[in-house]
Each structure stands twice: as C-alpha cells, then as structure tokens.
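Chains as they are written, first to last, in the numbering used here: chain A, 852 to 969; chain B, 57 to 394. Worksheet for the structure shown next.
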Amino acid sequence: MAPIAPDIFENLRMELRRGCLVLAVLGELGEEQYGYTLRKALAARGMEIDEGTLYPLLRRLEAQGVLVSEWREEEKRNKRFYRLSKDGRQLLEQLLTEWKSIDASLEGIVGRKRHGAA
Amino acid sequence: MELLDRYLAAVRFWLPKGQRQDILAELTDDIRAEVEDRESGLGRKLTDAELTELLQRRGSPYRVACRYLPQRTVIGPAFFPVYLLILKAIGLFYLLPWLAAWLFMVAFLPSYRAAHPGWEVLLPLVELVQRAVNAFAFATAGVWLAQRSAERTGIVDRWDRTWNPVLPAESKDPLRANRGEWMGQIFGDLVFVLYWVSVFRLPAIPDLRLEFAPILAHTFYWPVLILALASAALSIWNVVRPRWTRRRLFVWLGIEIVEIAQMAILLSAGPLVLLAIPQATPDKVELLAGWVNFAVRLMLVGILVVAAVDVFRAVRLLFKLRSTAAAGAAPAAVRRAV
Numbered sequence: 852m853a854p855i856a857p858d859i860f861e862n863l864r865m866e867l868r869r870g871c872l873v874l875a876v877l878g879e880l881g882e883e884q885y886g887y888t889l890r891k892a893l894a895a896r897g898m899e900i901d902e903g904t905l906y907p908l909l910r911r912l913e914a915q916g917v918l919v920s921e922w923r924e925e926e927k928r929n930k931r932f933y934r935l936s937k938d939g940r941q942l943l944e945q946l947l948t949e950w951k952s953i954d955a956s957l958e959g960i961v962g963r964k965r966h967g968a969a
Numbered sequence: 057m058e059l060l061d062r063y064l065a066a067v068r069f070w071l072p073k074g075q076r077q078d079i080l081a082e083l084t085d086d087i088r089a090e091v092e093d094r095e096s097g098l099g100r101k102l103t104d105a106e107l108t109e110l111l112q113r114r115g116s117p118y119r120v121a122c123r124y125l126p127q128r129t130v131i132g133p134a135f136f137p138v139y140l141l142i143l144k145a146i147g148l149f150y151l152l153p154w155l156a157a158w159l160f161m162v163a164f165l166p167s168y169r170a171a172h173p174g175w176e177v178l179l180p181l182v183e184l185v186q187r188a189v190n191a192f193a194f195a196t197a198g199v200w201l202a203q204r205s206a207e208r209t210g211i212v213d214r215w216d217r218t219w220n221p222v223l224p225a226e227s228k229d230p231l232r233a234n235r236g237e238w239m240g241q242i243f244g245d246l247v248f249v250l251y252w253v254s255v256f257r258l259p260a261i262p263d264l265r266l267e268f269a270p271i272l273a274h275t276f277y278w279p280v281l282i283l284a285l286a287s288a289a290l291s292i293w294n295v296v297r298p299r300w301t302r303r304r305l306f307v308w309l310g311i312e313i314v315e316i317a318q319m320a321i322l323l324s325a326g327p328l329v330l331l332a333i334p335q336a337t338p339d340k341v342e343l344l345a346g347w348v349n350f351a352v353r354l355m356l357v358g359i360l361v362v363a364a365v366d367v368f369r370a371v372r373l374l375f376k377l378r379s380t381a382a383a384g385a386a387p388a389a390v391r392r393a394v
C-alpha cells in the first residue's frame with residue numbers, strides 16, 4: 852500500500868487544529884488582549900495561528916456577539932483590545948463541556964483500540 | 057516605512073468600503089508590532105529586504121484582503137454539477153456543430169469562400185465568440201435563478217418518507233450491451249435498408265428531380281447496403297445475446313472502421329446528389345444543389361463522428377473485457393465466449 856502523502860496529513864492536521872482554535876481564542880480572551888499579544892500568547896502555548904486567520908476570526912466572533920472590542924491608545928499606538936462578552940463567557944463554558952465530552956468519547960474509541968492492540 | 061505604506065495601500069484597494077479603515081488600522085498595528093518585535097530582537101532597524109520578507113510571509117495584498125471578505129459564489133456546490141453539464145451541452149450541441157458547419161463551408165464550399173474573400177472568412181468566428189458569451193451568460197443566469205428559487209421556496213429542504221427516489225440499480229455490468237440502444241439501431245438500419253433498396257421512396261416533388269450521383273448510386277450501392285445489413289445483424293445479435301464477446305467487439309470495430317472509410321471517401325468525392333429543375337435557371341439550380349449537397353455532407357459528417365465514437369467505445373470495451381478476463385472475474389459463459 853502506498854504511504855500517505857505528507858500534504859494529506861498536513862491538511863487533516865490543520866483541519867483538526869482549526870476546530871480547536873475558536874476554543875483557544877475564547878480561552879485566552881478571558882483577559883483583555885489585543886491581536887498581536889493574543890497571537891503571541893497562543894503561540895507560546897503551542898497554538899500558533901497566523902494573522903490572516905486570527906483577525907477575520909476575531910471580527911466574526913465580535914459580529915456574533917461573543918467578543919467585545921475597544922480601540923485604545925497604548926505605547927503611543929492605537930490598538931484594538933478584545934475580551935469575552937457576557938454571552939461569550941457562557942458560550943465558552945458550553946464549548947468546554949462539549950470539548951470534554953468529545954475528548955472522553957475519543958479516548959473511549961481510540962484509546963480502547965490502542966490498549967486492545969497493546 | 058514607505059514599503060509598508062505601499063503594502064497597506066494595496067491591501068486597502070481590495071477591502072470592502074465599510075470596514076476598510078477599521079481593518080487597515082488593526083492590520084497596520086499588527087504589522088508594526090511585529091516589526092518592532094523583530095527590531096528589538098536584532099537591536100537594529102529592519103532592512104528593506106527583511107521587511108519585504110516579513111510582508112511576503114503574510115501573503116500578497118490580495119490574499120490578505122480576501123481573508124476578510126465573505127465567501128461568495130454565484131453557483132453553489134450542489135447546483136454546480138448541473139451548471140457544468142449545461143455548459144458542456146452548450147459546447148457540444150450548439151457551439152461545436154456551429155464551428156463544424158463553418159469549417160465545412162470554408163473547406164468544401166467554394167461559393168462560401170468567394171462570398172467571404174480574405175480575412176472576411178474569419179468574421180463568423182467573432183460571431184461564434186459572441187454566441188458563446190451569450191449562451192454562457194444565459195446558462196449562468198438560469199442556473200442562478202433556479203438555485204435562488206429552490207432555496208427561497210424551501211424545496212431543497214423538504215423531505216418526508218413519501219418522497220422516495222428510485223433506488224440506484226445494482227452496479228451495471230459494463231460488458232452488457234444496452235438492449236434499448238441496439239433495438240433502436242435495428243429499427244434505424246432496417247428503415248435505411250428499405251429506403252436504399254427502393255422499397256420506401258421519398259414523396260415526389262413536381263418538376264424536381266433529385267437523384268444520387270453515380271458514386272452513391274453505383275460505386276457505393278453494394279458496400280453501403282452490405283454495411284447496413286451487417287450493422288443490423290450485429291444489432292440483432294446484441295439484442296438476443298446482450299453480453300459482449302471479444303469476437304463480437306471485433307466485428308463491431310470492423311463495421312465502424314469500414315463505415316468511417318466509406319464516409320471519408322464520400323466526403324472527399326464531388327457532388328453526391330444531383331438536382332434537376334427544368335423550370336429554374338441554371339444558377340438557381342446550382343445554388344440549390346450546393347445547399348442540398350451541403351446538407352447531405354453534414355449528415356455524413358455526423359455519421360462519421362458517431363462511428364468514431366463507436367470505435368472508441370468498442371476499443372474501451374475490448375480493454376475492459378481483457379482486464380476482466382485477466383482478473384478471472386468474468387463469468388464462465390464469458391470465459392467460454394472469449
């Protein structure tokens with residue numbers, strides 16, 4: 852059987868991470884941050900996200916009422932600060948519950964097979 | 057930072073008007089923050105080359121702006137295959153015959169070339185492009201309207217247990233001839249044979265004599281008749297025993313190749329139909345004869361194209377039969393026949 856092409860793995864990996872990005876962004880925005888520091892904070896925790904994905908995502912989440920933003924001057928530059936809205940906090944809790952449930956299900960499916968194989 | 061300003065100006069061009077300033081302000085801040093970060097790490101200003109590399113990594117201004125724009129398509133993914141099918145049908149049944157007819161007139165009708173001297177002979181191609189653009193525009197608008205009304209009326213969202221399409225047939229055996237197609241072929245062949253041997257005749261038109269030229273009436277009389285009878289025999293064979301065999305595929309291939317050869321010879325010959333109208337002037341008779349012969353030749357081109365397609369089908373089936381036999385998957389009856 853031919854080996855799986857690296858780009859197939861890369862595409863699936865990106866797809867998997869994309870689903871988790873919203874959760875990571877919402878998790879980081881429990882405290883107010885602006886785009887660049889948010890990006891660096893996510894990268895420092897192993898969730899690298901390029902600016903072309905992050906900013907449109909932030910705008911979409913703000914349009915959906917999950918985030919609120921405010922333009923403020925800091926270090927002599929105008930920056931847009933984002934934080935979770937009240938609804939956003941509630942949504943984050945719901946998504947975390949869902950995430951844990953998915954994690955448990957996957958552990959049950961993949962973990963059982965792995966242990967069975969071992 | 058002129059380079060950065062130019063980059064941002066280029067991004068600005070593609071952004072939606074209402075959000076332009078907002079997006080640009082945030083993007084500018086993000087890029088400047090990254091530049092400052094890099095500069096503080098290096099302990100010096102970025103060179104133009106380094107700044108260019110940083111901007112290139114972010115993507116072209118168009119790509120950057122695209123990420124902020126909503127995804128828009130005129131034809132959605134569900135309707136796209138239908139749209140593609142319509143476009144193909146337009147190409148195959150409208151534009152291609154049009155082009156073939158034009159090529160035929162240029163190649164075989166001296167009167168057409170005389171009427172369109174020099175570059176004028178290419179002018180119809182401009183018309184063809186216009187026709188293609190119009191046809192594609194109508195197709196796009198039509199499918200868009202169908203898609204929009206389907207979504208607005210909610211037809212595409214409706215489903216209940218009473219709405220059951222026919223279950224897909226079991227995987228079709230590719231080596232089984234389609235009986236309907238070959239019964240149609242028998243009918244066509246028999247009608248042609250009866251006409252060819254003068255059992256059927258076209259209704260006579262007063263004061264007009266229409267007859268085949270000697271090449272058709274004499275030289276090709278028997279070859280055409282024998283080929284039509286062979287085709288009818290093959291069709292009957294296919295209806296009675298629909299599963300293709302190697303021998304029968306070679307017979308089909310032979311018939312189609314001979315048909316292509318006949319058509320090619322006839323197409324390169326002179327007039328195929330002779331016309332006589334005693335009351336008309338010779339130039340009018342000549343003009344009418346030209347059009348009648350043009351129509352006959354067009355029909356022969358059609359037959360030739362169908363025969364070429366059949367050759368392709370027969371060769372493909374031969375390969376399929378060989379691979380099936382090699383895999384040992386063919387039923388015993390087929391293996392016996394092969």
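Even for Gly, the Cβ is constructed at its ideal location relative to N, Cα and C.
Beta-bridge partners assigned by DSSP to LYS930(A): ARG923(A). Those residues of the region 912-936 of chain A placed with their C-beta closer than 7 Å to a C-beta in chain B are ARG928, ASN929, LYS930, ARG931, ordered along the chain. Rounded to the nearest angstrom, the Cβ distance from PHE276(B) to GLN318(B) is 7 Å, consistent with a contact under 8 Å. At a C-beta separation below 8 Å, GLY115(B) has these neighbours in chain A: GLY903. For GLU902(A), the number of other beta carbons within 10 angstroms of its own is at least 16, and it is reported as buried. For VAL329(B), the three-state secondary structure derived from DSSP is strand. At a cut-off of 8 Å between beta-carbon atoms, GLY870(A) makes no contact with chain B. Within the region 113-146 of chain B, ARG114, GLY115, ARG119, VAL120, ARG123, TYR124 place their CB atoms closer than 8 Å to a CB of chain A, listed in sequence order. Apart from sequence neighbours up to five positions away, the residues of its chain that approach GLY132(B) with a beta-carbon distance below 8 Å are GLN203, ordered along the chain.
DSSP links GLN884(A) through a beta bridge to TYR933(A). Excluding its 5 nearest sequence neighbours in each direction, LEU71(B) has C-beta neighbours in its own chain below 6 Å: ILE79, ALA121, listed in chain order. Within chain A, the residues TYR885, GLY886, TYR887, ARG928, ASN929, LYS930, ARG931 have their CB atoms less than 9 Å from the CB of ASP85(B), given in chain order. Within chain B, no C-beta atom comes less than 8 Å from the C-beta of PRO857(A); the nearest is roughly 21 Å away.
For ALA188(B), the nearest beta carbon of chain A is not closer than 8 Å to its own beta carbon. A distance below 8 Å separates the beta carbons of VAL295(B) and MET239(B). Here the alpha carbon of ARG257(B) sits roughly 12 Å from the alpha carbon of LEU266(B). Separation of LEU285(B) and ASN862(A) (C-alpha to C-alpha, rounded to the nearest whole angstrom) is 59 Å. Listed as beta-bridge partners of PHE268(B) by DSSP are VAL329(B). Judged by DSSP secondary structure, PRO279(B) falls within the alpha helix (DSSP H) whose first and last residues are 277-296. Closest in alpha carbon position to PHE192(B), among GLY99(B), GLN75(B), VAL307(B), LEU143(B), is LEU143(B).
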